[in-house]
Ligand code: HEM
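Laid out in structure tokens, this is it:
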């Protein structure tokens, strides 16, 4: 359960995907204005995520009953997202994706978010959360304040609107697993397109990486991992110490607050070689975009499947892509992603693409 009290919102420009300056990894420090310890290195952030002596900030002290409820919720979701079930959803999605991909024009400007990522994620959201396709677009519209409030948690107006529509949304979903009802629908129809839009934005700046995935679609799974690392989404997670302890080289007191900078940890040179380059051949997981430890995203398997199902056909059909105009961004201190991503897609590789350098 979250407390209603509002915590100060951090905002680091260098966490933004279009920032010319990447985030820096530095030793843990106390930020008086935020009233929290700030952790940026991969090792420190991972240690906090894995620590049994940390709760999500704002949580009431977890009772044994709370822990059992959370454990039941995780088990129920894991059972609902079994391997065979993910494969069935993936197969169900294929004809929709294949049809939509043929509608994307070549050599003219198209908004990749509006024309492809959003409709495909909405289709998946309807299938997974078992709502009628006819209702899905209306429910997505209704859920806008919920997603917008998660993207900009400092906006009181959005939070009020989100609260007002949540009850209405909840009544519309009846899937067996609670996490595959309204919250799952919002995550799949709003948050997932944002995650994928960040990935596509990153690929536009690394044309050779786009072409590599085009030529070798078998690299898609590790490519998705790298897109999540490089493009990311959640800018930070919050924690609170439940006892006195030493973590990240600092002595924490019970009740101390921590801000874990996920984007910075994903760009830590001590963990990732050349962290500010997109490199789809990079091996190994370790990216923290979906969290880690006891509260790691329980929808991670579904998201990995979804990312591959949506991105693979796009990258297989088009050999290259370039920016087609100004990118519009949505969100803020929670997460940020293109809401409009104009691109020009090419069936053939363009001869000008000779560099793996990040283009401006
Ligand atoms: C792009 C979409 C998504 C992103 C970026 C995302 C990211 C995350 C992150 C970073 C956490 C860790 C929170 C923390 O440690 O404080 C988390 C937790 C969680 N996610 Fe996701 N998630 C997404 C979609 C989903 C979906 C589709 C589901 C439902 C199946 C889901 C269910 C959960 C649950 C239940 C938790 C809490 C787990 C716990 O407290 O033990 N997420 N997610």
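Numbering (UniProt numbering), first residue to last: 1 to 360. Glycine included, each C-beta is placed from N, C-alpha and C at the ideal position.
For the candidate residues 98, 118, 259 and 172, whose alpha-carbon lies nearest to that of residue 33? On the chain shown, residue 33 is found 33 positions in, with the first residue counted as 1. Nearest of 98, 118, 259 and 172 to residue 33, Cα basis: 259.
May I have the straight-line CA-CA distance separating residue 315 from residue 324, to the nearest angstrom? Position 315 of the chain shown, counted from the first residue, corresponds to residue 315. Position 324 of the chain shown, counted from the first residue, corresponds to residue 324. Looking at the two C-alpha atoms, the distance is approximately 17 angstroms.
Can you tell me which of the three DSSP states residue 331 falls into? In the chain shown, residue 331 corresponds to position 331, counting from 1. Here residue 331 sits in strand by DSSP.
Return the CA-CA distance between residue 239 and residue 265, expressed in angstroms with no decimal places. As a first step, residue 239 is located in the chain shown; it is residue number 239 there, counting from the start. As a first step, residue 265 is located in the chain shown; it is residue number 265 there, counting from the start. Spanning the two alpha carbons is a distance of roughly 15 angstroms.
Suppose contacts are defined by Cβ-Cβ distances below 8 angstroms. Is residue 337 in contact with residue 124 by that definition? To locate residue 337, count along the chain shown from 1; it is residue 337. To locate residue 124, count along the chain shown from 1; it is residue 124. In this structure, residue 124 does not lie closer than 8 angstroms to residue 337 by Cβ.
Confirm the yes/no value for this check: CB of residue 54, any heavy atom of the ligand HEM, distance under 7 angstroms. Here residue 54 refers to the residue found at position 54 of the chain shown. Every heavy atom of the ligand HEM is 7 angstroms or more from the Cβ of residue 54, so no.
Sufficient close CB pairs (3 or more, under 8 angstroms) joining the segment 239 to 251 to the segment 210 to 227: no
Residue interval of the beta strand (DSSP E) (run including residue 337): Within the chain shown, residue 337 is the residue found at index 337, counting from 1. 336 to 340 is the span of the beta strand (DSSP E), which, as asked, contains residue 337.
In terms of residue numbering, what span does the alpha helix (DSSP H) encompassing residue 39 cover? In the chain shown, the residue the question calls residue 39 occupies position 39. Premise fails: residue 39 lies in the beta strand (DSSP E), 36 to 39, not in any alpha helix (DSSP H).
Given the structure, does residue 166 come close to the ligand HEM, in the sense that its CB is under 7 angstroms from one of the ligand's heavy atoms? As a first step, residue 166 must be located in the chain shown, where it is residue number 166. No, Cβ of residue 166 sits at least 7 angstroms from all heavy atoms of the ligand HEM.
Whose C-alpha, out of 155, 195 and 131, is nearest the C-alpha of residue 173? In the chain shown, counting from the first residue as 1, residue 173 sits at position 173. When each option's Cα is compared against that of residue 173, the closest is 131.
Tell me, which residues are paired with residue 320 by DSSP? One-based indexing of the chain shown puts residue 320 at position 320. BP columns for residue 320 point to 346.
Is the segment 168 to 182 touching the segment 131 to 143, taking contact as three or more C-beta pairs under 8 angstroms? yes
For residue 338, is the beta carbon positioned less than 7 angstroms from some heavy atom of the ligand HEM? Working through the chain shown from its first residue, we reach residue 338 at position 338. Residue 338 Cβ: outside cutoff for every heavy atom of the ligand HEM.
Give the straight-line distance between the Cα atoms of residue 185 and residue 127, rounded to the nearest whole angstrom. Counted from its first residue, the chain shown places residue 185 at position 185. Counted from its first residue, the chain shown places residue 127 at position 127. Those two C-alpha atoms are separated by around 10 angstroms.
Residues bridged to residue 54 [DSSP beta-bridge criterion]: Numbered from 1 along the chain shown, position 54 holds the residue referred to as residue 54. The partner list for residue 54 (beta bridge, DSSP) reads 241.
Helix, strand or coil for residue 230, going by three-state DSSP, please let me know. In the chain shown, residue 230 corresponds to position 230, counting from 1. In the structure shown, residue 230 sits in a helix (DSSP, three-state: H, G or I).
Residue 346 to residue 204, Cα distance in whole Å? Looking up residue 346 in the chain shown gives position 346. Looking up residue 204 in the chain shown gives position 204. Going by the C-alpha atoms only, they are around 12 angstroms apart.
For residue 27, count the other beta carbons within 10 Å of its own beta carbon; 16 or more makes it buried, fewer makes it exposed. Which is it? The residue given as residue 27 occupies position 27 in the chain shown. Burial call: exposed.
So residue 163 is in the alpha helix (DSSP H); what residue range does that whole segment cover? One-based indexing of the chain shown puts residue 163 at position 163. Here the alpha helix (DSSP H) through residue 163 covers 156 to 170.
Apart from the five residues just before and just after residue 195, which ones in its own chain have a Cβ nearer than 6 angstroms to its Cβ? If you number the chain shown from 1, residue 195 lands on position 195. These residues qualify, in order along the chain: 233.
Mapping the DSSP letters down to three states, classify residue 298 as helix, strand or coil. Working through the chain shown from its first residue, we reach residue 298 at position 298. Residue 298: coil per DSSP, three-state reduction.
Return yes when the C-beta of residue 299 is under 7 angstroms from any heavy atom of the ligand HEM, and no when it is not. By 1-based counting over the chain shown, the position of residue 299 is 299. Residue 299 Cβ: within cutoff of the ligand HEM.
With 16 other Cβ atoms within 10 Å as the buried cut-off, status of residue 108: Within the chain shown, residue 108 is the residue found at index 108, counting from 1. Per the 10 Å Cβ criterion, exposed.
CA-to-CA distance, residue 69 to residue 318, given in whole angstroms: Residue mapping note: residue 318 aligns to position 318 of the chain shown, counting from 1. Residue mapping note: residue 69 aligns to position 69 of the chain shown, counting from 1. Near 46 angstroms, if we compare the C-alpha coordinates of residue 69 and residue 318.
Distance, residue 229 Cα to residue 274 Cα: Reading the chain shown from its first residue, position 274 is the one you call residue 274. Reading the chain shown from its first residue, position 229 is the one you call residue 229. Between residue 274 and residue 229, the C-alpha separation is close to 12 angstroms.
Rounded Cβ spacing between residue 302 and residue 117 (contact assumed at less than 8 angstroms): By one-based count along the chain shown, residue 302 stands at place 302. By one-based count along the chain shown, residue 117 stands at place 117. Rounded, the Cβ-Cβ distance is 16 angstroms, inconsistent with contact.
In whole angstroms, give me the CA-to-CA distance for residue 11 and residue 134. Start at 1 with the first residue of the chain shown, and residue 11 comes out as number 11. Start at 1 with the first residue of the chain shown, and residue 134 comes out as number 134. So the two alpha carbons sit approximately 39 angstroms from each other.
The ligand HEM heavy atoms versus the CB of residue 88: any closer than 7 angstroms? Position 88 of the chain shown, counted from the first residue, corresponds to residue 88. Answer for residue 88: no, Cβ out of range of the ligand HEM.
Could you have a look at residue 132 and say whether DSSP puts it in helix, strand or coil? In the chain shown, residue 132 corresponds to position 132, counting from 1. Three-state DSSP puts residue 132 in coil, outside helix and strand.
Could you tell me which of 349, 350, 331 and 147 sits nearest to residue 17, measuring between CA atoms? Walking along the chain shown from the start, residue 17 turns up at place 17. The shortest Cα separation from residue 17 among 349, 350, 331 and 147 belongs to 331.
If you run the structure through DSSP and keep just helix, strand and coil, what is residue 283? Walking along the chain shown from the start, residue 283 turns up at place 283. DSSP places residue 283 in coil when its eight states are reduced to three.
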